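In the working numbering, the protein residues as written are 51 to 281.
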């Protein structure tokens, strides 16, 4: 604690605590709800393109790949595909902006009244060998069934003609997944650090990026169809 000349005090511990909350994506509870809004007023689906702005995510310099750019492109493509099927879709970011924490991303889905929330990422590892599909859930009772549907769609659509493996599901206590009140997942369709996948992702024809978008859209649509059939 430090005493200032005008009698005010600054608590270093408090500043440090705020920094920790920001890093963990937990500070959203301290902000007025009005700070978060739905870009489309309401939406059945909210896509969250991972990273953005000052946070590039994973980078593959050899192939010129930056995760934040790819996730935005893929989310936009997936959104367009679902809109063609009549679903209203919103994105947590539709440009290269910084979102300092994960929890506000999930709060966007809540404000939109979304049926599902999908955070779009691409995996990375220091070793170039890992090469598999992975879907992560936050709260088992709410998310795991949706995660299974998404994982199956990704594996089915992306594995043919490749060595892509199927890693199954795992839990991730991500702020966005925990904040979103509806079924929520974080998808890691491929590794941008795997040379074979990096070559596909970097191909100017955009085919692999379109395949990933179609796989994501297919999983979401399948989930909604199954939900409607049982309601």
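All C-beta atoms in this analysis are idealised placements derived from N, C-alpha and C, irrespective of residue type, glycine included.
Fair warning: this is a prediction, and the values are worked out from it, not measured in the lab.
Three-state secondary structure (DSSP) of residue i
i: residue 247; result: helix
i: residue 234; result: strand
i: residue 179; result: coil
i: residue 216; result: strand
i: residue 255; result: coil
i: residue 280; result: helix
i: residue 270; result: helix
i: residue 226; result: helix
i: residue 209; result: coil
Residues bridged to residue i (per DSSP)
i: residue 221; result: 187
i: residue 99; result: 170
i: residue 241; result: 173
Cutoff 7 Å; reference residue i; Cβ partners in own chain excluding five residues on either side
i: residue 274; result: 165
i: residue 135; result: 271
i: residue 267; result: 128, 131 and 132
i: residue 103; result: 146, 147 and 148
i: residue 177; result: none
i: residue 96; result: 140, 142, 158, 159, 162, 164 and 167
i: residue 137; result: 94 and 95
i: residue 175; result: 241 and 243
i: residue 258; result: 250 and 251
Own chain, CB closer than 8 Å to residue i, minus 5 neighbours either side, in chain order
i: residue 180; result: 173, 241, 243 and 244
i: residue 222; result: 186, 187, 188 and 236
i: residue 214; result: 181, 182, 183, 205, 208, 240 and 247
Spatial neighbours of residue i in its chain, beta-carbon cut-off 6 Å, leaving aside the 5 residues before and after
i: residue 101; result: 107, 117 and 118
Could you give the uninterrupted runs of the beta strand (DSSP E) lying entirely in the stretch 90 to 165, keeping only those of 3 residues or more? Listed in chain order, they are 95 to 99 and 139 to 141.
With three or more beta-carbon pairs closer than 8 Å as the criterion, would you say the stretch 239 to 257 touches the stretch 217 to 224? no
Does the stretch 185 to 205 come close enough to the stretch 227 to 237 to have 3 or more Cβ pairs within less than 8 Å? yes
At least three beta-carbon pairs within less than 8 Å, the stretch 136 to 155 to the stretch 109 to 117: no
Between the stretch 127 to 140 and the stretch 102 to 109, do at least 3 Cβ pairs fall closer than 8 Å? The stretch 127 to 140 and the stretch 102 to 109 do not touch, with fewer than 3 CB-CB distances between them shorter than 8 Å.
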